[in-house]
Structure formats: C-alpha cells, structure tokens
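*Asks:* Residue numbers (the working numbering): 270 to 872. Quick reminder that beta carbons are idealized off the backbone N, C-alpha and C, glycines included. I'd like to ask some things about the structure below.
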RNA sequence: CGGGGCGUAGCGCAGUCUGGCAGCGCACCUGCCUUGGGCGCAGGGGGUCCCCGGUUCAAAUCCGGGCGCCCCGACCA
C-alpha cells in the first residue's frame, strides 16, 4: 500500500487519534485535496442575500464569499473552477494566434479624455485621484490602453495583423450589482483586441475570433447561442453576443426557426409590414376620454382595439426631448430609439417634464402639434385612422393619419420584436429564449485608432488608421452561467472540464482498510493526471454524499464495507445513472480514463 | 438614482406593534452513542441587538440622523 511522502504525521482534530499519515505542512509541494485540510465551508442553509440558483449554490458550496456589494472572494474550490475556465479560454485564444499580455487595472484619466470616454462612460467608470490630484480610473475595459500601446509600437503594415489579449480583473461600478458573480462590480474578463490594415483583413480577424469563441464554449460544455447585438458604449459597426441559454438569463433572444438569424431582443429587427400604406380613413377629431390614461383604458372607452391606439412616449435624449410612437399593443425598443437619436443617454421624461413639453399630463401625449423630434414606428403607417393623445387632460384625437397629420415624423423600426413577427432575413417564424451574455465580439473600425492616432504606413508610405476589433469573454460570469445550466435539488452539476475536481473519493470509514484504499485511489488518480478530492473527514456517510453532490463533482468513488468485502469500489456519476461496481485493482485507472474522456484536465 | 424591504451569535430566523432576564434551529466545542444520504443523547462556549445621538427609572423595542445589504426598474462580460 502506498503512503504519502510525508516526514512527520499531522493529526486533524476530526480524526481524533492515530489516523493515516498526513501531508507535512513543510513539504507540501504535493497537491493537497483533502477535505479536512482545504477551506470548503459548505452551508446547509442558503444565505438570505442570494436570489438566483447559481448564486445560492456558489455560496452554499463554499466557492465564493461576498466582501462587499458586487465584490467577491474566490475560495479555493471556486478558484479552481475559475482557473479551469480561464485555461480553456487561454488555450483557445493562443490556438487562434492571439498573444497574451497584461495591462494595468489603474489607468490615467487623460487617456480616457483622449478617446472621449471620460465624459461619455458615465458613473459606471469608477474614478479617483492620486496624491498629486491627478485623475485615475479603475479600468472597465482596455481599448484606450491597448490602442495607446499599439500606436507607440506599431509603425508599418508589416507589423500587422496583431491580436493581443489579457485575462484580467475589471471593475465596473454597476448601478445594481446582483446575482453574485453573474453581475458583479469586480469580475474576471478575457479581452482581446485585433489590429488590421483594412476592413477586409479585420473581418478575417473577426471570423477567427468567432471560431475561437465557439471552440471555447464548446469545450466549456455550455449550451450557447450566437446572436446579433447592439454595440453599446464600446461602439463600432456591429457585434455578436455569445449567450449561454438559461431561464434566468437577463437578456432576451429572438432566433429564427428557419434560418440562422438570431439577435438580442434589443437589437432584433422588425421588418416593415407588407403591402401599401392606406390613405386617411377619417377626419381628425378630438374626443373626450375622461380618466383614460392607459392604452387599455382608452381602447375600452372608445371601443377600439389597442392596436388602433398609438402610444406616444416622451424621452430625454441627452437632455433634449424627443417623442417615440409605437402601436398601443407594442413595446418601444429604447435601444433602437437611442441609436436613432444618436444620444449617449436616453431616459423617459418625468411627469413634470412631460407636462412642460407637451402641455398635457402623462397618458395624454400625442404627436399632433408637438414641436419636438418625433420618431414613429413604421407599423403605424399602416393604419388609416389612429387614436393618439391630444396633449391635454382627458382628451384624445381620433382619425389621425400620420402622413397627413404628422408629416414631420420620422418613420423607423422602433418597437420590440414580438411573437408572431417574421424573421427579418427569411420571413420565417421567430422563437424567443433567454440567455446570459458570456461573450461579446465587436468590429470597432477606426473609432479608437482615429481618436488616439494609431496609424501605420502602408506599402506606398501612406499613413492610415489601424482597423480594430475587440472581443470579450466574462470568465467569472461563465462560472455562474455553467451553474445556472447545471444543477438539481442536490446542488451543482459541473461539466467535467470546469469542475473544481473531477472525482470525489469517499472513504466511508476514515480508519483502516477503507481509508487506505481510498487514499491509494486518490493518489493514483492524481498520478494519472486527474484531480480528485479525498473526503477524509470523520463524518457520517450522508454528510459526505451531500457535500460531494452540492459541490457538483462529476464523478464519485465510494469505498465502504459493502464493496470492500467483494474487492470492489463503487462508482457513480453526479449527472445521474446507476452505481457501477469497479474492481479495486483497476478502479483508479478506469475512473481516470472515463474522466479524461469526459474532458477532465488536472489543474 | 427612484420605489420596496432588511440589519439580533458563523448561517437561517423569532422577539420590535404594546419598552422591563437577549432567545430558537443549524453550525461550533466536550463526552457518549451511531456509522451507506445532512443520526441520536447529554453538557458547553459564543452577542457593539449595524452606528451615532435623543426620550425614559429602564431601549433590540420609541424618536432623529447616518451606514450597510437585498429586491423591483434604466447599464453591461
């Protein structure tokens, strides 16, 4: 029987006597994954702060602990998961030809002023001053720094293309951190930046990253979907999001049932209705609608369908009032409106502002006579007679025809896609799902290279701006996303490639043959390149089973009296299935083989 | 930032309305027992009742102020 290479024995309180030899503290180069020695503070009860399942389970399994709102400690087992995710991402980036570097988390404000984002990024950018009273910020992303680096070091088209990435802690002062590490303020992110001579080669770099992302998420064993997305404050022409599909996802996704079109709901295009727009059907007329504020109330009062009513929403776009109109039974898409107005900030106007702008109270706004920019959803042009607010209390206008009565309105795609809408690409049906954004790829064009003067000399000696792309993966968020996808009543079910350990070895008796056998299997597994956790605690079997399940360890090897009598170890998969009896002599080798086939990699 | 809620032992909570010994379960420590799915019995330790101020003979409890956290809405990997 093997024994550990320790010089002096260490006893744990739980063993309470002459247990098996322990690893010497002074000589522990050897990996220690003994439950009694690792900090794994599992909880029976769920802390009150957690709402979603991944957050609850990460706390209960002792993977993380909160330090402050949106700021977490990663405990030993949680860190192992994080490191495994990180390693897969790193390997796929390297494979795709990207080069790893590391940039500072603390960055000078002046650089952000140069790109214009010191003013535009908003409160999410955590700013502070150093002792010399100079502005600094905690980096939420690294376009400025990487562009600054490249503009200094890259001169010639011969230096391009270039793809640089890092895996680093970011800080975004989220308005409302929630769901544990899912939406934390401090989080671990992989961010890559590509630099190319023109749009064509930049598109190729983009394709390479897309491919690397697909490979990474496949290896992470996550169910995901790639969708078209809004590029938000990062900017650029277009972008894709990688969504892990989960009911609790914060994003809604629309995808075509016939072709491969898929988009974030906030981006999903709505095609214009078919056919000719009708002419005016009625004369415009004011009607009394006492107390009818909502579309429902107005429609019921006037005995028309909600679709015959047009909502007029008053927004402030960078402080300037604008009106947005959608059909009464539709939802306005604020992202689309924001992009149409080109505003950095778009908020619904407060009731007092609405009164001031329209002359009427909330619920009675309408486009007729409004002296502010008006954006009207294209669908509204297919009605010959709309009901709209009259900009005075208790009154609406009926028979309104947009082209006749509101000629200055800008016709646009302004509403949220909804069930029943056709696919904007092929006309097929749209399906709706929810997802967690774990990756985002952007074509940046020359936005940052022009702002910061990152240029190269082409073969003719002409100076040209470098064409950029940027590519993010939320490493810490993936851990939460994986748990959202893999859990049951007993706890986490980790995919093998990112499990904190691949195998839990449970001796049901911590003295004698069971413990010796378990320890031998534990060591053989490590020797075979499979990481294992030995539950050497002197506790009842039930506790060990529960903890092992809670932690989501994919494989379990149980050594108990029953099996030992027959020279067998018991093997069970966390994801389900029958218990198998393995011959003790080959148990470790067999389990190691199965673990590797399932994607196990020792950390 | 707006709206709602919470803050009492490591965790989950009761006590607060109606001021009067600071409690329960789990966890932890000791002993016994038990040993195949969070076992049982006995004993024990542990409190800035979030902080500051006020009212009162007396404050976890009432009043004022502050801080922290969670949930619902607008931002993002």
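#1: Whole angstroms is fine: what's the gap from residue 470's alpha carbon to residue 431's?
#2: Can you list the alpha helix (DSSP H) stretches of 4 or more residues lying completely in the segment 418–485, in chain order?
#3: Could you tell me which residues DSSP pairs with residue 841 in its beta bridges?
#4: Which runs of the alpha helix (DSSP H) at least 4 residues long sit entirely within the segment 703–775? Give them in chain order.
#5: Just to confirm the assignment, what range does the beta strand (DSSP E) spanning residue 592 have?
#6: Excluding the 5 residues preceding and the 5 following residue 620 in the sequence, name in chain order all residues of the same chain whose CB lies nearer than 8 Å to its CB.
#7: Could you check whether residue 348 and residue 331 sit closer than 9 Å to each other, using their CB atoms as the reference points?
#8: Which word fits residue 708, buried or exposed, when buried means at least 16 other C-beta atoms lie within 10 angstroms of its C-beta?
#9: In chain order, what residues of the same chain have a beta carbon less than 6 Å from the beta carbon of residue 832, not counting five sequence neighbours either side?
#10: What residues in its chain sit with their C-beta under 6 Å from that of residue 462, if we drop five residues either side in the sequence?
#11: Where residue 350 and residue 686 are concerned, what is the direct C-alpha to C-alpha distance, given to the nearest angstrom?
#12: What residue from 532, 446, 824 and 682 has the CA that sits closest to residue 600's CA?
#13: For residue 702 and residue 754, I'd like the C-alpha separation in whole angstroms.
#14: I'd like to know if the segment 407–422 and the segment 367–384 are in contact, where contact means that at least 3 CB-CB pairs between them fall below 8 Å.
#15: What span of residues does the alpha helix (DSSP H) with residue 786 cover, start to end?
#16: Kindly indicate the opening and closing residues of the beta strand (DSSP E) around residue 850.
#17: In chain order, which continuous runs of the alpha helix (DSSP H) of length 4 or greater are located wholly inside the segment 532–586?
#18: Take residue 743 as the anchor and find which of 482, 861, 871 and 364 has the nearest alpha-carbon.
#19: Leaving out the 5 sequence neighbours to the left and right, which residues in its chain are closer than 7 Å to residue 298 when beta-carbon positions are compared?
#20: For the segment 822–829 and the segment 719–733, state whether three or more C-beta atom pairs, one from each stretch, are separated by less than 8 Å.
#21: Compute the Euclidean distance between the alpha carbons of residue 597 and residue 580, then round it to the nearest angstrom.
#22: Tell me where the beta strand (DSSP E) around residue 615 begins and ends.
#23: Under DSSP, the alpha helix (DSSP H) around residue 626 begins and ends at which residues?
#24: Using 9 Å as the threshold, is the C-beta distance between residue 423 and residue 464 below it?
#25: Under a three-way DSSP split, which group does residue 833 fall into?
#26: Pull up the DSSP beta-bridge partners for residue 803, would you.
#27: Note the first and the last residue of the continuous alpha helix (DSSP H) segment covering residue 384.
#28: Can you tell me whether residue 847 is buried or exposed, with buried defined as 16 or more other CB within 10 angstroms of its CB?
#29: Looking at C-alpha atoms only, which residue of 661, 588, 664 and 670 is the closest neighbour of residue 649?
#30: Is any heavy atom in the ligand NAP found nearer than 8 Å to the beta carbon of residue 549?
#31: Does the Cβ of residue 528 have 16 or more other Cβ atoms within 10 Å, making it buried, or fewer, making it exposed?
#32: What separation, rounded to the nearest whole angstrom, lies between the Cα atoms of residue 458 and residue 577?
#33: Whole angstroms are fine: how far does the CA of residue 791 sit from the CA of residue 271?
#34: Count the other CB atoms, across all protein chains shown, that sit within 10 Å of the CB of residue 397; report buried if there are 16 or more and exposed otherwise.
#35: Per DSSP, residue 343 forms a beta bridge with which residues?
#36: Within a Cβ cutoff of 7 Å, which residues of the same chain sit near residue 641, ignoring the five residues on either side of it in sequence?
*Replies:* Answer, in terms of the structure:
#1: Cα-Cα distance, rounded: 11 Å.
#2: Taking 4 residues as the minimum length, the segment 418–485 contains no alpha helix (DSSP H) run wholly inside it.
#3: Under the DSSP definition of a beta bridge, residue 841 partners with 825.
#4: Whole alpha helix (DSSP H) segments, 4+ residues: 716–721 and 744–754.
#5: Counting along the chain, residue 592 sits inside the beta strand (DSSP E) bounded by residues 589–596.
#6: Cβ-Cβ distances below 8 Å link residue 620 to 630 and 631 in the same chain, with the five nearest sequence neighbours on each side left out; the list follows chain order.
#7: Cβ atoms of residue 331 and residue 348: not closer than 9 Å.
#8: By the Cβ neighbour-count rule, residue 708 is buried, with 16 or more other Cβ atoms within 10 Å of its own.
#9: Excluding positions up to five away in sequence, the list reads 838 and 839.
#10: Hits under 6 Å: 415, 433 and 739.
#11: Between residue 350 and residue 686, the C-alpha separation is close to 37 Å.
#12: Ranked by Cα distance from residue 600, the options 532, 446, 824 and 682 are led by 682.
#13: Straight through space, the alpha carbons of residue 754 and residue 702 are spaced by roughly 14 Å.
#14: The segment 407–422 is in contact with the segment 367–384.
#15: Element bounds for residue 786: 782–796.
#16: Segment 849–852, the beta strand (DSSP E) holding residue 850.
#17: The segment 532–586 contains these whole alpha helix (DSSP H) runs: 564–571.
#18: Comparing Cα positions, the closest option is 482.
#19: Because residue 298 carries a pLDDT of 48, less than 50, the predicted location of this residue cannot be relied on, and no value is offered for it.
#20: Taking a cut-off of 8 Å for Cβ pairs, the segment 822–829 and the segment 719–733 do not touch, as fewer than three such pairs fall below it.
#21: One C-alpha to the other measures close to 5 Å.
#22: First-last of the beta strand (DSSP E) with residue 615: 615–617.
#23: From DSSP, the alpha helix (DSSP H) with residue 626 extends over 620–627.
#24: A Cβ-Cβ contact shorter than 9 Å links residue 423 with residue 464.
#25: Note: residue 833 maps to helix in three-state DSSP.
#26: In the DSSP output, where bridge partners are listed per residue, residue 803 has 303 and 774.
#27: Counted as a single uninterrupted DSSP element, the alpha helix (DSSP H) harbouring residue 384 occupies residues 378–384.
#28: Label assigned to residue 847: exposed.
#29: Relative to residue 649, the option among 661, 588, 664 and 670 whose CA is nearest is 670.
#30: Questions concerning the ligand NAP fall outside what the structure shown contains, since it holds no ligand whatsoever.
#31: Using a 10 angstroms sphere on the CB of residue 528, the tally of other CB atoms stays under 16, which defines it as exposed.
#32: Just so you know, the alpha carbons of residue 458 and residue 577 end up roughly 47 Å apart.
#33: Legend: pLDDT at residue 271 = 40, less than 50; position of this residue unreliable, value from coordinates given subsequently. Residue 271 and residue 791 have their alpha carbons spaced roughly 11 Å apart.
#34: Counting every other CB atom within 10 Å of its CB across the protein chains shown gives residue 397 a total below 16, marking it as exposed.
#35: Residue 343 is bridged to 333.
#36: Listed in chain order, the non-local C-beta contacts of residue 641 below 7 Å within the same chain comprise 590, 591, 592 and 626, local neighbours out to five positions each way being set aside.
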